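Novice: Oh and the sequence shown: position 25 is 25 in the UniProt record's numbering, straight run, nothing missing.
Where is the CB? At the ideal position from N, CA and C, for every residue including glycine.
Being a predicted model, the structure only gives us computed values, none of them experimental.
The following block contains the structure, expressed as structure tokens.
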Amino acid sequence: MVGASGLIGQHVVERLRARGHGVTTAARTARDGVDHALDATSATEEEFRALLAGHDGVVFAAGADDRDVPRAPAYPVFHRGNVAPVVRLLTAARQEGLSRAAVLGSYYTHFHRGHPEWRLTERHPYIRSRVEQARAGREAAGPDLPVAVLELPFVFGRAGDRLPNWSGPLDRWARSRSPLVAPPGGSAATTAAHVAEVVTDALERASGADIPVALENLTWSDMIGRIAAATGHDRPVRRLPGAVVRTALRLTGVVQGLTGRQSGIDPAHAGNLLLRELFVTPSRPGSVDEALAETFPRT
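Right, here's the structure in full:
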């Protein structure tokens with residue numbers, strides 16, 4: 001399990017062990033529960049082979065986040081974080097004779113397949129890296145090593161002190177006295193525990209499929225309102241015109257350009273993406289409420 005100390009990684013390890021599987025854990029930083037301190041972005045094929053020897057499968061749950069704003073051009077940074085380590089890892093897995101693998105990716109690849117007219121890989125370096133991650137990773141794995149790619153939306157939940165890396169600003173906003181506003185559109189959502197179930201099932205079946213993961217589809221208004229209610233600061237959510245969001249995002253892009261930086265999701269085109277209903281049909285509908293309450297507790 002590469003990326004074992006993260007929110008999802010911890011849930012995957014727990015679920016696999018509950019199913020009776022032995023799990024070796026690796027993460028960038030040594031801590032309790034991590035067997036090997038290993039930075040996936042710099043690890044060589046030889047280091048990965050030494051880690052994978054004697055194992056049946058591997059899970060990759062690390063990489064660069066879509067909120068990163070590196071120096072322009074951004075794509076090499078996202079390639080280095082999301083594509084190159086997966087290629088080295090799955091090359092090593094093939095050489096060591098592993099029989100199954102899972103990569104935790106993004107639901108943007110799902111929309112890339114379904115809506116080529118959105119031109120997501122042309123416009124957004126992060127999405128390009130996720131699409132390339134799946135393609136190049138499977139090519140490195142070869143035909144005898146099936147690689148399941150889980151396409152993840154917003155993930156709620158908690159694992160010890162680990163929370164979703166986007167939850168902090170939303171938590172502070174929900175607990176403040178500032179008005180709550182939300183634009184049109186929305187997103188699919190799931191929980192870390194549900195992702196762990198899907199990963200485990202994919203590994204046990206040696207699946208090589210693209211697997212969109214979702215429990216619920218939430219409008220932005222519904223999501224923000226439920227977050228505020230979870231914190232105990234329930235109040236109405238006002239509608240924010242899409243034009244305001246597009247203008248603010250474009251101005252953000254201008255500022256980034258002036259400072260020589262570039263987002264993984266290009267602000268110039270982000271409005272056309274984030275104001276849509278980025279919904280995924282759940283294979284097994286459920287509720288994210290319990291995990292949402294863990295993410296945004298009342299105290």
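1) Would you give the residue range spanned by the alpha helix (DSSP H) that G137 belongs to?
2) Could you tell me if D66 is buried or exposed, where buried requires 16 or more neighbouring beta carbons within 10 angstroms of its beta carbon?
3) Pull up the distance between the alpha-carbon of A228 and that of R235, whole angstroms please.
4) Classify T25 as helix, strand or coil using the three-state DSSP reduction.
5) To the nearest angstrom, how far is the alpha carbon of T247 from that of G257?
6) Please report the residue range of the alpha helix (DSSP H) in which D210 lies.
7) For the pair the region 69 to 78 and the region 8 to 18, tell me if three or more CB-CB distances fall below 8 Å.
8) Which residues mark the beginning and the end of the beta strand (DSSP E) in which V237 is found?
9) Provide the residue span of the beta strand (DSSP E) that contains Q149, from first to last.
10) What residues in its chain sit with their C-beta under 7 Å from that of R80, if we drop five residues either side in the sequence?
11) Thinking C-alpha only, which one of V255, P212, R261 and V181 is nearest R226?
12) In chain order, what residues of the same chain lie with their CB nearer than 8 Å to the CB of L170, ignoring the 5 residues before and after it?
13) Near G186, what residues of its chain come up, given a Cβ to Cβ distance below 6 Å and the 5 sequence neighbours on each side ignored?
14) Since S187 sits in a beta bridge, which residues does DSSP pair it with?
15) Output the boundary residues of the beta strand (DSSP E) element that contains R177.
16) Would you kindly work out how many angstroms separate the C-alpha atoms of E151 and E139, rounded to a whole number?
17) Hey, A93 and G6 are a contact pair by Cβ (cut 8 Å); roughly how many whole angstroms apart?
18) Buried or exposed, going by whether 16 or more other CB atoms sit within 10 Å of the CB of E46?
19) Answer yes or no: do H11 and A291 have a C-beta to C-beta separation smaller than 7 Å?
20) Looking at the secondary structure, which residues open and close the alpha helix (DSSP H) in which G253 lies?
21) Who are the near neighbours of A37 in its chain, counting only those whose CB is closer than 6 Å to its CB and skipping five residues on each side?
22) Would you please state the rounded distance, in angstroms, between the beta carbons of G286 and L203? I believe it to be under 8 Å.
23) With distances taken from CA atoms, which of E96, A102 and P76 is nearest R261?
24) Just mark H124 as buried or exposed, buried being the case when its beta carbon has 16 or more other beta carbons within 10 Å.
Specialist: Once the coordinates are examined:
1) Looking at the DSSP string, the run of the alpha helix (DSSP H) that includes G137 is P125 to A141.
2) Counting C-beta atoms within 10 angstroms of its own C-beta, D66 has 16 or more neighbours from the protein chains shown and is therefore classed as buried.
3) A straight-line Cα-Cα distance of about 7 Å links A228 and R235.
4) Looking at T25 - three-state DSSP - the assignment turns out to be coil, as it is neither helix nor strand.
5) Each residue's alpha carbon lies about 15 Å from the other.
6) It is not in any alpha helix (DSSP H) - D210 instead sits in the beta strand (DSSP E) that spans D210 to P212.
7) These segments do not touch.
8) Element bounds for V237: V237 to R239.
9) This sequence places Val at residue 149; Gln is not what is there. Its beta strand (DSSP E) spans residues V147 to L152.
10) So the qualifying residues of the chain are T41.
11) It is V181 whose Cα lies nearest to the Cα of R226.
12) Taken in chain order, the residues that qualify are I224, I227 and F296.
13) Excluding residues up to 5 positions away in sequence, L218, T219, W220 and E277 lie with their Cβ nearer than 6 Å to the Cβ of G186 in the same chain.
14) DSSP lists L218 and L278 as the beta-bridge partner residues of S187.
15) Note, R177: premise wrong, no beta strand (DSSP E); not H, not E.
16) Answer to the nearest angstrom: the Cα atoms are 18 Å apart.
17) Their Cβ separation, rounded to whole angstroms, is 20 Å, which puts A93 and G6 out of contact at 8 Å.
18) The Cβ neighbour count for E46, taken over all protein chains shown within 10 Å, is under 16; the residue is labelled exposed.
19) The Cβ atoms of H11 and A291 do not sit closer than 7 Å to each other.
20) First-last of the alpha helix (DSSP H) with G253: G242 to L258.
21) Result list for A37: A30, in chain order.
22) Not quite, the Cβ-Cβ distance comes to about 21 Å (not below 8 Å), so this is no contact.
23) Cα-wise, what sits closest to R261 is P76.
24) Counting C-beta atoms within 10 angstroms of its own C-beta, H124 has 16 or more neighbours from the protein chains shown and is therefore classed as buried.
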